[in-house]
Amino acid sequence: MTAKVTTAIFPIAGLGTRFLPATKSVPKEILTLVDKPLIQYAVEEARAAGIEDFIFVTSRGKGALEDFFDVHPSLETSLRNSGKTELLATLQETNMDSGHVAYVRQHNAMGLGHAVWCAHRLVGDQPFAVILPDDLVVSDKPCLAQMMEAHAEVGGNIIATMEVAPERASSYGILDVESTNGAIIRPRDFVEKPKAGTAPSNLAVIGRYILTPQIMTHLHQKQVGAGGEIQLTDAIAQELRSNPGSVHGFRFSGERYDCGSKAGFLQATVALALRRDDLREEFGAFLDAVAPRSPAFQADAMPKRSVAAG
Numbered sequence: 542m543t544a545k546v547t548t549a550i551f552p553i554a555g556l557g558t559r560f561l562p563a564t565k566s567v568p569k570e571i572l573t574l575v576d577k578p579l580i581q582y583a584v585e586e587a588r589a590a591g592i593e594d595f596i597f598v599t600s601r602g603k604g605a606l607e608d609f610f611d612v613h614p615s616l617e618t619s620l621r622n623s624g625k626t627e628l629l630a631t632l633q634e635t636n637m638d639s640g641h642v643a644y645v646r647q648h649n650a651m652g653l654g655h656a657v658w659c660a661h662r663l664v665g666d667q668p669f670a671v672i673l674p675d676d677l678v679v680s681d682k683p684c685l686a687q688m689m690e691a692h693a694e695v696g697g698n699i700i701a702t703m704e705v706a707p708e709r710a711s712s713y714g715i716l717d718v719e720s721t722n723g724a725i726i727r728p729r730d731f732v733e734k735p736k737a738g739t740a741p742s743n744l745a746v747i748g749r750y751i752l753t754p755q756i757m758t759h760l761h762q763k764q765v766g767a768g769g770e771i772q773l774t775d776a777i778a779q780e781l782r783s784n785p786g787s788v789h790g791f792r793f794s795g796e797r798y799d800c801g802s803k804a805g806f807l808q809a810t811v812a813l814a815l816r817r818d819d820l821r822e823e824f825g826a827f828l829d830a831v832a833p834r835s836p837a838f839q840a841d842a843m844p845k846r847s848v849a850a851g
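Using our numbering, the letters of the sequence shown correspond one by one to residues 542 to 851.
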């Protein structure tokens with residue numbers, strides 16, 4: 542019988558330098574897509590998949606994130622006394638139950654594999670999920686919930702995968718595919734960020750994983766891989782080689798947005814806004830109006846600012 546997965550790790554220790562100056566004092570994961578912080582979308586996806594215990598791997602400067610998931614008694618009282626019951630319910634959705642949330646520091650930026658390993662004492666000998674909030678998946682059924690169904694069927698390690706353009710393969714972990722059965726893919730190996738033109742397929746790993754405790758055993762060896770970092774993909778590949786059939790890729794249903802980039806963050810904002818009943822009509826009309834991109838929106842037509850000599 543496949544063990545139930547109830548714990549998820551959220552590696553969020555990155556500095557978010559691509560979003561400076563906003564991330565000078567605000568964790569990137571608190572930046573909002575429409576009216577929710579990026580991290581809340583990840584937590585809601587985890588909850589919808591049956592996750593009960595949440596482990597955040599953080600670093601210095603992430604205190605605002607811890608406060609976000611804490612109870613805010615005075616604000617709740619104010620909303621309750623004002624009769625703002627809908628806003629109160631929205632606020633309470635962000636609360637984490639005591640005893641079900643933990644924060645672990647990653648003191649040195651040594652890669653995703655190292656960040657996951659930092660939570661090994663809390664995970665113990667149970668299977669666990671890993672969610673990278675930068676990868677937002679918009680779908681009717683949450684991505685992790687889809688993966689849970691696949692895990693119940695085949696067990697072992699489940700890795701979310703998607704097709705990417707060949708020229709982008711060098712930015713991802715890529716599956717070397719042995720066989721496919723519907724959405725489930727059996728890989729013979731993984732290649733982390735292959736050199737241009739050498740990728741064994743166009744199926745890339747994205748930030749959703751269901752992993753067995755054996756992955757932590759491999760990560761404990763702290764082997765350095767691509768980019769001089771400890772790569773999670775390397776540990777998964779090591780498990781696959783030592784235990785063939787223990788790892789499956791999963792071709793999820795949905796649209797993935799790379800919210801670690803500015804363009805992807807904006808694309809996700811638009812996609813989520815258009816799914817909202819309270820925003821779709823007004824915002825959609827605005828997009829229709831600017832779709833041809835009038836000269837006012839053309840960078841070349843913008844007035845040039847003079848720069849005073851210092």
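Note that beta-carbon positions come from the ideal geometry of N, C-alpha and C, so glycine has one too. Since this is a predicted model, take the numbers as computed values, not measurements.
- Counting Cβ pairs, one atom from each stretch, are 3 or more of them under 8 Å apart for the stretch 752 to 760 and the stretch 643 to 662? yes
- Inter-residue Cα distance where the pair is residue 696 and residue 690: 10 Å
- Task: Hey, could you find the ends of the alpha helix (DSSP H) residue 782 is sitting in?
- Result: 773 to 783
- Query: If you draw a straight line from the alpha carbon of residue 620 to that of residue 628, how long is it in whole angstroms?
  - Reply: 7 Å
- Task: May I have the straight-line CA-CA distance separating residue 563 from residue 569, to the nearest angstrom?
- Result: 8 Å
- Task: Could you check the C-alpha separation between residue 727 and residue 717 for me, to the nearest Å?
- Result: 9 Å
- Query: Between the stretch 692 to 709 and the stretch 734 to 754, are three or more C-beta pairs nearer than 8 Å?
  - Reply: yes
- For residue 752, the three-state DSSP class (helix, strand or coil): strand
- Query: Nearest-angstrom Cα distance between residue 850 and residue 565?
  - Reply: Model confidence at residue 850 stands at a pLDDT of 39, short of 50, so the residue's coordinates are unreliable; what they give is reported in the following sentence. In a straight line, the C-alpha of residue 850 is about 28 Å away from that of residue 565.
- Query: Where does residue 851 sit, in a helix, a strand or coil, going by DSSP?
  - Reply: Any reading at residue 851 is ruled out, since the residue's pLDDT is 34, under 50, leaving its predicted position unreliable.
- Message: Output needed for residue 720: all residues of its chain with C-beta closer than 7 Å, excluding positions within five of it in sequence on either side, in chain order.
- Response: 727
- Item | Inter-residue spacing [alpha-carbon to alpha-carbon] between residue 647 and residue 671 | 16 Å
- Item | Residues of its chain near residue 685, where Cβ-Cβ distance is below 7 Å and the 5 sequence neighbours each way are ignored | 586, 587, 590, 670, 672, 749
- Task: Let me know if residue 848 comes out buried or exposed under the rule of 16 or more other beta-carbons within 10 Å of its beta-carbon.
- Result: A caution first: residue 848 carries a pLDDT of 41, below 50, which makes its placement in the model unreliable, though a value can still be read off. By the 10 Å Cβ count, residue 848 comes out exposed.
- Task: For residue 577, write down the residues that DSSP places opposite it in a beta bridge.
- Result: 574
- Going by the CB atoms, is the gap between residue 597 and residue 553 shorter than 8 Å? yes
- Item | Extent of the continuous beta strand (DSSP E) to which residue 646 belongs | 642 to 646
- Item | Contact check, residue 733 vs residue 775, beta carbons under 8 Å | yes
- Task: Measure from the alpha carbon of residue 545 to the alpha carbon of each residue in 817, 786, 592, then state which is nearest.
- Result: 592
- Task: In the DSSP assignment, find the unbroken alpha helix (DSSP H) run with residue 606 in it and report its ends.
- Result: 604 to 609
- Item | Exposure label - residue 543; buried when at least 16 CB within 10 Å | exposed
- Can you give me the start and stop residues for the alpha helix (DSSP H) that residue 618 sits inside? 614 to 622
- Return the CA-CA distance between residue 810 and residue 644, expressed in angstroms with no decimal places. 28 Å
- Decide if residue 614 is buried, meaning its Cβ has at least 16 other Cβ atoms within 10 Å, or exposed. exposed
- Query: Quick one: what's residue 634 bridged to in DSSP?
  - Reply: Bridge partners of residue 634: none, in fact.
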